[in-house]
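Mature numbering (1 follows the signal peptide of the UniProt record, and there is no 0) puts the sequence shown at residues -34 to -1, 1 to 306. C-beta: ideal position from N, C-alpha, C; glycine also. Some notes on the structure that comes next.
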Amino acid sequence: MASSSSSSSSSSALFFYYLLLLGSALFLTNEAIALPEVPNLTTLSFEEGYTQLFGDSNLILHLDGRTVHLSLDQRTGAGFASQGLYLHGFFSASIKLPADYAAGVVVAFYMSNGDVFEKTHDELDFEFLGNIRGREWRVQTNVYGNGSTAVGREERYGLWFDPTEDYHQYSILWSNERIIFYIDNTPIREVVRTQTMGGDFPSKPMSLYATIWDGSTWATSGGRYKVNYKFAPYVAEFTDLVLHGCVVDPSNHNRTCLESNAGVYNAMMISTDQRAAMERFRKKHMTYSYCHDRIRYLTPSPECSLGPETKSFLITGEARSSYHHHHGKRNGRSTVDVAL
């Protein structure tokens, strides 16, 4: 949509104000910090930014379309996607996961262009993996670029809260220079673009997706524990939906935002305090890293920076501190999928 130069200038100024707020926050603990109320990061209703992918009546809108419930039952799961394609931006949702027995259930919040670039697709993932009663949900992030699915860049984490009791915010920053995953505004992972990474760094326009589906074949202990539909429907709730990015013309894949606005995302970097919080999170909560997995990869991917932390991981890539939870039989997609 066309806008005046004064409006564009005001919008950029407001977004930079948001950056200053985000960058100056002191992440001294793992407590959630509210997203600043900046006008051009206002949340969207479902009709304003999204469309249903599948699941017919398993997608239900609440609160004037500002909260979306996706359910999984024996008949089907459900999903929705952004109406537009984006080349870089800040994408976010507050999500509440299904409670009780949720083994085999997968809830995903991710970006992808697999429907446009079938063999050379890019992808940025938050995947939430359900568990048996008494075991917590796990969160997995992943990055694919240019169809590099042979190299799974999975990292998996535990959480410092119960994601089924309340909403928590999950965000993805994607710029030309870096990718940052956030939980409740605390950065948990940064992927910086390097020459050695080459085309494996996502660089083509993507849409945003949210889904719930049956991952019984791999999601919990390598497929040992499957979805039990006695506990269905499993309902994942999404609210505070944020789509702030450079919109791309689907006919020619040219972005429609100004160069100055596109550069805003490159300006979003991790502050010293944020980095300290991220390192604490990763040291305490990371349970798997592909960079340390010598079963799948004899040679680490070029972007992996290995240091003293290597001794904290087994050759399977699993963290030693959480190994007593990991008794899964090695089958399914990969060794990363065996953890409970």
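With a cutoff of 8 Å on beta-carbon distance, residue 239 and residue 135 are scored as not near each other.
In terms of Cβ geometry, residue 16 and residue 46 form a close pair [threshold 8 Å].
For residue 226, there is no enclosing beta strand (DSSP E); the residue is found in the alpha helix (DSSP H) stretching over 225 to 233.
In the three-state DSSP reduction, residue 102 falls in the coil class, being neither helix nor strand. Beta-bridge partners of residue 126 (DSSP): none assigned.
Counting only runs of 3+ residues, the beta strand (DSSP E) found wholly inside the stretch 186 to 255 occupies 200 to 214, in chain order. Residue 144 and residue 246 have their C-alpha atoms spaced approximately 20 Å apart.
According to the DSSP secondary-structure assignment, residue 18 is paired through a beta bridge with 46.
Around the beta carbon of residue 28, fewer than 16 other beta carbons lie within 10 angstroms, which makes this residue exposed. Taking a cut-off of 8 Å for Cβ pairs, the stretch 56 to 66 and the stretch 91 to 103 touch, as three or more such pairs fall below it. The residue from 18, 84, 204, 179 with its alpha-carbon nearest to that of residue 172 is 84. The alpha carbon of residue 23 has as its nearest neighbour, out of 39, 32, 30, the alpha carbon of 39. Considering only 48, 255, 203, the residue with the shortest C-alpha distance to residue 286 is 255.
Here residue 107 really is in contact with residue 155; their C-beta atoms are around 5 Å apart, less than 8 Å. The beta carbons of residue 148 and residue 141 sit about 14 Å from each other, so the pair does not count as a contact at 8 Å. In the DSSP assignment, residue 28 falls within the unbroken beta strand (DSSP E) covering 25 to 28. When rounded, the separation of the alpha-carbon atoms in residue 175 and residue 222 is 21 Å.
Close CB contacts of residue 33 within its chain, under the 6 Å cut and outside five residues either way in sequence, are with 205 (chain order). At the C-beta level, residue 36 and residue 160 stay beyond 8 Å of one another.
Under DSSP, residue 108 forms a beta bridge with 91.
With contacts defined as CB atoms closer than 8 Å, residue 81 and residue 111 fail to qualify as a contacting pair. Here the alpha carbon of residue 12 sits roughly 28 Å from the alpha carbon of residue 193. For residue 56, the uninterrupted beta strand (DSSP E) run begins and ends at 51 to 62, by DSSP. Distances from the alpha-carbon of residue 58 to those of 244, 184, 139 put 139 closest.
Under the 10 Å beta carbon count, residue 264 is surrounded by fewer than 16 other beta carbons and is classified as exposed. Take the alpha-carbon of residue 217 and the one of residue 234: they are about 29 Å apart. Distance from the CA atom of residue 253 to the CA atom of residue 283, rounded to whole angstroms, is 8 Å.
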